[in-house]
Each structure stands twice: as structure tokens, then as C-alpha cells.
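Reviewing the structure listed below.
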Amino acid sequence: MRYALTQPESLGSPLWEGSGVVFDRRTGDTHLVSAPSQVVLAILRDSPFGATDAELGQRLTGMVSPEDEEQVLEAVREALIELQRIRLVEQLEGD
Amino acid sequence: MKVSELGRKDLAFRLARGGLALRISPFSVRIRSGISEVAYGIATCYADYELLPDGAFIDFHIRLDPPGGLRRWFRPQVVFHFDSAQPFYPLPHEQAFPFLEWGLNWCIAQTTLQLVVVHSAVVERGGDAVILPGPAGTGKSTLCAGLVMAGWRLLSDELALIDARTGLVTPVPRPISLKNESIDVIRMAYPDAILGPVAPHTRKGRLAHLRPPADSVARAGEPARLRWIVIPHYVPGSQPAFTPCAKGPAFMRLAGDAFNYAGLGEFAFQDLVQTVDRCECLNFQYGRLDEAAMSFDRTLMGHS
């Protein structure tokens, strides 16, 4: 399954420790999001065709050590659930 | 000329007739009222404010009057007028001075569109400002009063005007609103503190205003660099302690307390992100004012 940012793109804070904030341009709502969600949003901003959870996991694993791969993938899945719930990320049609 | 240079009778006369034009930096305000509590409140709490000459530009034209009809005499009330509008329901007559303060807060928050306005106290020392956001009951105003009495400069008790582009806070030094036990705490700790009229039965309980230090009023034109966001927590009997606060929750605190956040939308988000990003964010627990002030000096200013 591929995931992409909903349009128009949300605005995010810098990568702060612990959690960050995101502004939804469609609704004017501001959300406090977890650190993994901030990173997933940042990666999706640079991915015009979206990304799968595995691809996101790979990008993130590149930032940490390879032995943490399973934990990273789990964190990515949780982040995608959080970001879909607040409608900043959507699953692409046909995937 | 300052308000303190007017005799009480002259002040009451001017207030009731053409109105009193004051420089409440960075704004100019004309207040008209024939109500004696308003005259007393201005005489005590605005003594060090500059009077503006006739013909000066005025940002806010405010009038506080009794309403027409029975409410002028039977359980008397007071009505707040801003320009020609009457934005609030009338309040009991004894709350006339707090009504002026609340109404003026509202005027500033409603009309300031170029800066984010956060419901917060702000104090300064050595050119660096500390913003103290927090809902009622967290000890924000009491802590602000204690710091100001201990020598910190008052930038504001209620409204932080933040310019994210420059990183500066514009001072709006006005009387500090004290509620319930805080009134007695300040009176006991600082016998020289000058308080305005006490309104015993407001929606927030017993309420009085503390006159801001003359130096803070005189230096109202000097902005300060915002360096710390400190979220106060009054815990009776506790020792003063600073602990780190993550930037995400600190942002949500400021955004939740910003009067014009929803109206400014993306602009306010970006400004507050910039502000939080450059500030150190801390929680502060305290139980006693004198210890709190010493802890601020020691931890933030590096004074032993």
C-alpha cells in the first residue's frame, strides 16, 4: 500500500525532540504529533509519488542501525495510523 | 504630564466629561466614565501613565456607564462601550474597574492583527524576556507580581505581543490582576505594594489590581528579546524547581493561549514555531514567591 500527503500539504515544525507540531492547511487545525510521525511527514514531502510502509521503513532504517529494522517498521506503521487518523496522510487509490 | 499629577477631583471631572486620554504603550486609549470606582482604579493603578494632549490619535475609545432604566439604581450595573459598540453584557457596578481591564484586553486582542497575542505574563531582566503562559489557577499572575516586586521589569501581565521576525516582545505594562488568596499573599509579602479597588464577587472570585512599577511604565517603549518559555505550576509547600519542557507541548500551550491564533492561521503557526524553536522551554514548580524569585535569578540569570 502506498501513502501520500493529503493536499494541500500540511506545514510542520522542525524535528523537535519527542514530538512536533503540524498545521493542516485545509482545516486550520494544529496537531501535536510523535517524533516518528514528524519524520514520516518529512519523507513524504520529498516523495511526490508517495511511499509504502516498507520504503518508509528503509529510509528510516538508514538513519539508525540495521538491527533496529523491525522496531522502525513498527514505528512507521504506528505513525501512518496516527497521520491517517488526523487526515494528514492518505492511502493512494488503487494500492 | 502623568495621571498622578492630577488631583482626584480633577481626574474624576475629566474622566466624566471629555474623557482621559492615556498612553498605555504601545496604544493610546481614551476612557470616559462617571463611575467613582473607575476614577479610583485609574488614580491608583495608572498613576505613572502619561496623559495625552487634546487632539492626539486614539486607538481605543472606551466608555463605562451605568445602563438606562432600573439597573441604574436597583442592583446597579455598568456597561462597557468600545467606540460605538457594546460588546459585552453589563456587569455589577462593583466590577467597573476590572471590567475596564478585561474590556481593554479584549480591544487589544481583537485589533492586533500583525502580531501573535498570547494570554500570558511576560517579565524581563538584562534585556532577556521570560514568557509565562498558563490558564487561570496556575499562579501565573501571582508569580509575575512576585518577580516584578523582586526587580524584574513588567512587560505584561495578560498579553504577550510576540514579533517572531525580530524575536522581540512588545511591552504592554498594565496593572497586574490578582485573585483571591494572591491578594493577601502580595499584601503580606510586599507591604508597599499599591492595589486598586477590590471587587469581591467577580466570576473569578475576589479580584484586585496591582499598580505596575513606575520604571516598567517609563520603559514601555523598550522591547525585549524573548529567551525563555516558562510554564508555571503553583504547588503549595513545594520547593522551586525548573525542569525541561519539550518544545511540542510548549508550542501547544502557546497556541492554545493565543487570542488570535485561529484568525491568523498559518501566519500564527509559523510565527509560534519560530518563537518556540529559538526559546528554551521549561516547566517551573513553586510554592513560595520569595523562593521563586531567587530561583529565577539563580537559574535564568546565573545570579548566586
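From first to last, the protein sequence lines are chains A and B.
For the first sequence, our numbering gives the first residue as 151, with consecutive numbering after it.
For the second sequence, our numbering gives the first residue as 5, with consecutive numbering after it.
Even glycine gets a Cβ: it sits at the ideal position worked out from N, Cα and C.
Cβ atoms of B/P96 and B/Q81: under 8 Å apart, would you say?
Working through the second sequence from its first residue, we reach residue 81 of chain B at position 77. Working through the second sequence from its first residue, we reach residue 96 of chain B at position 92. Cβ atoms of B/Q81 and B/P96: closer than 8 Å.
Given this structure, state the Cα-to-Cα distance separating B/R282 from B/E295, to the nearest angstrom.
Within the second sequence, the letter at position 278 stands for residue 282 of chain B. Within the second sequence, the letter at position 291 stands for residue 295 of chain B. Roughly 27 Å between the two C-alpha positions.
Could you name the residues that DSSP lists as bridge partners for B/S160?
Your numbering for residue 160 of chain B matches position 156 in the second sequence. Bridge partners of B/S160: B/V126.
For B/K2 and B/G130, I'd like the C-alpha separation in whole angstroms.
The question about residue 2 of chain B has no answer, for chain B in this structure spans 5 to 308.
Chain A within 8 Å of B/G269, Cβ atoms only:
For this step, residue 269 of chain B is matched to residue 265 along the second sequence. Interface residue, yes.
Does B/V127 have its Cβ less than 8 Å from a Cβ in chain A?
Numbered from 1 along the second sequence, position 123 holds the residue referred to as residue 127 of chain B. With 8 Å as the cut-off, B/V127 does not count as an interface residue toward chain A.
Within chain B, the residues that A/E167 reaches when beta carbons sit closer than 8 Å
The residue labelled residue 167 of chain A in the question sits at position 17 within the first sequence. Correct list: A250 and K251.
Between the region 176–190 of chain B and the region 204–217 of chain B, are three or more C-beta pairs nearer than 8 Å?
yes
Can you tell me whether B/H205 is buried or exposed, with buried defined as 16 or more other CB within 10 angstroms of its CB?
Your numbering for residue 205 of chain B matches position 201 in the second sequence. With fewer than 16 other Cβ atoms within 10 Å, it is exposed.
Three-way DSSP call (helix, strand, coil) for B/D52 in this model:
Counted from its first residue, the second sequence places residue 52 of chain B at position 48. B/D52 sits in coil when the DSSP states are folded into three classes, being neither helix nor strand.
Residues bridged to B/P248 [DSSP beta-bridge criterion]:
Start at 1 with the first residue of the second sequence, and residue 248 of chain B comes out as number 244. B/L286, per the DSSP bridge assignment.
Beta carbon of B/V121 nearer than 8 Å to that of B/L68:
Taking the first residue of the second sequence as 1, we reach residue 121 of chain B at position 117. Taking the first residue of the second sequence as 1, we reach residue 68 of chain B at position 64. In this structure, B/L68 does not lie closer than 8 Å to B/V121 by Cβ.
Give a yes or no on whether the minimum CB-CB distance between B/A100 and chain A is below 8 Å.
If you number the second sequence from 1, residue 100 of chain B lands on position 96. By this cut-off, B/A100 is not an interface position.
Using a Cβ-Cβ cutoff of less than 6 Å, which residues in the same chain neighbour B/R36 once the five nearest sequence positions on both sides are dropped?
In the second sequence, residue 36 of chain B corresponds to position 32, counting from 1. If we look at B/R36 and ignore the five residues flanking it on each side, its Cβ neighbours are G23 and R67.
What is the rounded straight-line gap between the Cα of B/A245 and the Cα of B/T115?
Position 241 of the second sequence, counted from the first residue, corresponds to residue 245 of chain B. Position 111 of the second sequence, counted from the first residue, corresponds to residue 115 of chain B. Roughly 37 Å between the two C-alpha positions.
Contact list for A/R175 against chain B, beta-carbon separation under 7 Å
In the first sequence, the residue the question calls residue 175 of chain A occupies position 25. Residues of chain B passing the Cβ test: E270.
With 16 other Cβ atoms within 10 Å as the buried cut-off, status of B/M153:
Taking the first residue of the second sequence as position 1, residue 153 of chain B is located at position 149. When all chains shown are included, B/M153 counts as buried.
Status (buried if at least 16 other CB within 10 Å, exposed otherwise) for B/S220
What you label residue 220 of chain B is simply residue 216 of the second sequence in a count that begins at 1. With 16 or more other Cβ atoms within 10 Å, it is buried.
Out of B/L163, B/R12 and B/G155, which one is the CA nearest neighbour of B/F31?
Reading the second sequence from its first residue, position 27 is the one you call residue 31 of chain B. Closest option to B/F31, Cα to Cα, is B/L163.
By the 8 Å beta-carbon criterion, what residues does the region 271–286 of chain B contribute toward chain A?
F273, Q274, V277, V280 and D281
A/E219 versus B/L258 - alpha carbon distance:
The residue given as residue 219 of chain A occupies position 69 in the first sequence. The residue given as residue 258 of chain B occupies position 254 in the second sequence. In a straight line, the C-alpha of A/E219 is about 36 Å away from that of B/L258.
Just list the residues that DSSP pairs B/R18 with in beta bridges.
If you number the second sequence from 1, residue 18 of chain B lands on position 14. None, per the DSSP bridge assignment.
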